[in-house]
Amino acid sequence: MTEFSVLDLVPVREGGTVSEAFDAATQLARTAEDLGCKRFWVAEHHAMDGIAGGATSVVLAHIGNATRRIRIGSGGIMLPNHTPFQIAEQFGTLDALFPSRIDLGLGRAPGAGPELQRALRKDLHQASEYFPQDVLELRALLTGDVELPIKATPGLGSNIEFWMLGSSLFGASLAAKLGMPYAFAAHFAPDHLDAALELYRRDFQPSEALAKPHVMVAMNVFAADTQEAARDLASSQQQSFVALRTGTPGKLPPPISDYTSTLPAPARAMLDHLGQAAAVGTPDMVRDAIEAFTQRTKADEIVLCGATYDPQARLRSLEMTIRACEAVAA
Numbered sequence: 000m001t002e003f004s005v006l007d008l009v010p011v012r013e014g015g016t017v018s019e020a021f022d023a024a025t026q027l028a029r030t031a032e033d034l035g036c037k038r039f040w041v042a043e044h045h046a047m048d049g050i051a052g053g054a055t056s057v058v059l060a061h062i063g064n065a066t067r068r069i070r071i072g073s074g075g076i077m078l079p080n081h082t083p084f085q086i087a088e089q090f091g092t093l094d095a096l097f098p099s100r101i102d103l104g105l106g107r108a109p110g111a112g113p114e115l116q117r118a119l120r121k122d123l124h125q126a127s128e129y130f131p132q133d134v135l136e137l138r139a140l141l142t143g144d145v146e147l148p149i150k151a152t153p154g155l156g157s158n159i160e161f162w163m164l165g166s167s168l169f170g171a172s173l174a175a176k177l178g179m180p181y182a183f184a185a186h187f188a189p190d191h192l193d194a195a196l197e198l199y200r201r202d203f204q205p206s207e208a209l210a211k212p213h214v215m216v217a218m219n220v221f222a223a224d225t226q227e228a229a230r231d232l233a234s235s236q237q238q239s240f241v242a243l244r245t246g247t248p249g250k251l252p253p254p255i256s257d258y259t260s261t262l263p264a265p266a267r268a269m270l271d272h273l274g275q276a277a278a279v280g281t282p283d284m285v286r287d288a289i290e291a292f293t294q295r296t297k298a299d300e301i302v303l304c305g306a307t308y309d310p311q312a313r314l315r316s317l318e319m320t321i322r323a324c325e326a327v328a329a
């Protein structure tokens, strides 16, 4: 049976505050836990007015205190932005605070311009070239599988679940080589989805942590009582995607009815392309779309994404989605 998890960017909406965004993330995590979701992940983004998850490990500590059972983790930490030692300490601390609940998803893309590189004091493009070595060093700092001249405290001996994140063949290949579970970011970059999953499963090498391939795929999901209402919910995130791709990112805007009809053809085509990893509609429509996507990908887990301007609407959307899928499984 496919398991469900939640990815949250901690969106800051127009007219809202960062504190409100954290409150909404907390409510979402509690709802996900109550609905039986397996994981709640937060993604690292920096210097973006509309995303409040930059200090990812701090946000996860807050979420951990607000929940009891659900696994919490990064979806992901962009390792080129950090040193492996820093992340070992941070996630070792999280594991000590919330034992056997911590996931560490790692990504390679720096996603940063020159201003952010200066702020982080790093050449992020050069750092990304060392990503495979840094992953190995980070794993050694936490597991002790390779003896290093320094020990991370907290960190060494932590019971953390490692994940490789990606949207290309590179991450799939590295995850297979290292015997790690693999999460594909189809919700914003579906181009290489099928090829990446095929490569990962074909080349997977068992490790002490994982005996066989394990795949999670991300989907944008918006459920509501009517298809029109669901499309309205989705329009806030669609506006954010268009703004990001046109170089004008900002806070999460309110919905616009029939938004896509207002767009030029290239923007509509971009959203249509992303729609292959999306489910928007009534609970039954969303369930059917998730089932079809799961059959296509053979995913072990689906991580549900989708920011809404009204945080309560996302809670309702998540509940509708899980209940609809549970009804079929039963």
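Numbered continuously in numbering that gives the first Met the number 0, the sequence shown closes out at residue 329.
Ideal Cβ placement from N, Cα and C applies to all residues, glycine included.
{"Asked": "Go ahead and pull the three-state DSSP assignment for L147.", "Found": "coil"}
{"Asked": "Inspect the beta-carbon positions of F84 and I101 and report whether they are closer than 8 Å.", "Found": "no"}
{"Asked": "Do the CB positions of A171 and L198 come within less than 8 Å of each other?", "Found": "yes"}
{"Asked": "Write down every uninterrupted run of the beta strand (DSSP E) in the region 151–183 whose length is 3 residues or greater and which is fully enclosed by it, in chain order.", "Found": "160–165, 181–183"}
{"Asked": "Using a Cβ-Cβ cutoff of less than 6 Å, which residues in the same chain neighbour E43 once the five nearest sequence positions on both sides are dropped?", "Found": "T55, I76, M77"}
{"Asked": "Roughly how far, in whole angstroms, is the beta-carbon of G63 from the beta-carbon of I71, given that I think they are within contact range, below 8 Å?", "Found": "5 Å"}
{"Asked": "Report yes or no: do the region 22–42 and the region 256–276 share at least 3 C-beta pairs separated by less than 8 Å?", "Found": "no"}
{"Asked": "Mapping DSSP to helix, strand and coil, what is I71?", "Found": "strand"}
{"Asked": "Grab me the residues of D231's own chain with a C-beta within less than 7 Å of its C-beta, minus the 5 sequence neighbours each way, in chain order.", "Found": "P254, S256"}
{"Asked": "Where does D133 land, buried or exposed, given buried means 16+ other C-beta within 10 angstroms?", "Found": "buried"}
{"Asked": "Any chance the region 198–212 sits against the region 284–293, with 3 or more Cβ pairs inside 8 Å?", "Found": "no"}
{"Asked": "How many Å lie between T307 and S127 at the Cα?", "Found": "32 Å"}
{"Asked": "Using DSSP with H/G/I as helix, E/B as strand and the rest coil, what is R120?", "Found": "coil"}
{"Asked": "Can you find the residues in the same chain that come closer than 6 Å, C-beta to C-beta, to R107, ignoring five residues on each side of it along the sequence?", "Found": "S127, F130"}
{"Asked": "Given this structure, state the Cα-to-Cα distance separating S167 from T225, to the nearest angstrom.", "Found": "35 Å"}
{"Asked": "List the endpoints of the continuous alpha helix (DSSP H) containing D133.", "Found": "130–142"}
{"Asked": "For C36, collect the residues of the same chain with a Cβ closer than 6 Å to its Cβ; drop the 5 residues on either side in sequence, then sort them by chain order.", "Found": "F3, S4, V5"}
{"Asked": "What do you reckon, are the CB atoms on E13 and R67 nearer than 8 Å?", "Found": "no"}
{"Asked": "Mapping the DSSP letters down to three states, classify V9 as helix, strand or coil.", "Found": "coil"}
{"Asked": "My understanding is that L164 touches L115, with C-beta atoms under 8 Å, so please give their C-beta distance in whole angstroms.", "Found": "The Cβ separation is near 19 Å, so there is no contact."}
{"Asked": "Between which two residues does the alpha helix (DSSP H) harbouring A222 extend?", "Found": "Here A222 belongs to no alpha helix (DSSP H); instead the beta strand (DSSP E) covers 214–222."}
{"Asked": "Taking the alpha carbon of H213 as the reference point, which residue from S234, E160, A95 has its own alpha carbon closest?", "Found": "E160"}
{"Asked": "Are the beta-carbon atoms of I69 and F21 separated by less than 8 Å?", "Found": "no"}
{"Asked": "Determine the contact status of V41 and D7, defining contact as a CB-CB distance below 8 Å.", "Found": "yes"}
{"Asked": "Use the C-beta contact count for M179: other C-beta atoms within 10 angstroms, 16 or more gives buried, fewer gives exposed.", "Found": "buried"}
{"Asked": "Give a yes or no on whether the C-beta atoms belonging to A185 and M215 are separated by under 8 Å.", "Found": "no"}
{"Asked": "So, is the C-beta of F21 closer than 8 Å to a C-beta in chain B?", "Found": "Included in the structure is just one protein chain, with no chain B present."}
{"Asked": "Secondary structure at S4, three-state DSSP: helix, strand or coil?", "Found": "strand"}
{"Asked": "What are the partner residues of C304, as DSSP defines its beta bridges?", "Found": "N219"}
{"Asked": "Does G274 come out as helix, strand or coil in the three-state DSSP assignment?", "Found": "helix"}
{"Asked": "Report buried or exposed for Q340, applying the criterion of at least 16 other Cβ atoms within 10 angstroms of its Cβ.", "Found": "With the chain covering 0 to 329 only, the question about residue 340 has no answer from this structure."}
{"Asked": "Taking the alpha-carbon positions, what's the T247 to I149 distance?", "Found": "43 Å"}
{"Asked": "Taking C-beta to C-beta, are L59 and L34 nearer than 8 Å?", "Found": "no"}
{"Asked": "Between D283 and L192, what straight-line distance do the alpha-carbon atoms span, to the nearest angstrom?", "Found": "25 Å"}
{"Asked": "Exposed or buried, Q237, counting other C-beta atoms within 10 Å across all chains shown (16 or more means buried)?", "Found": "buried"}
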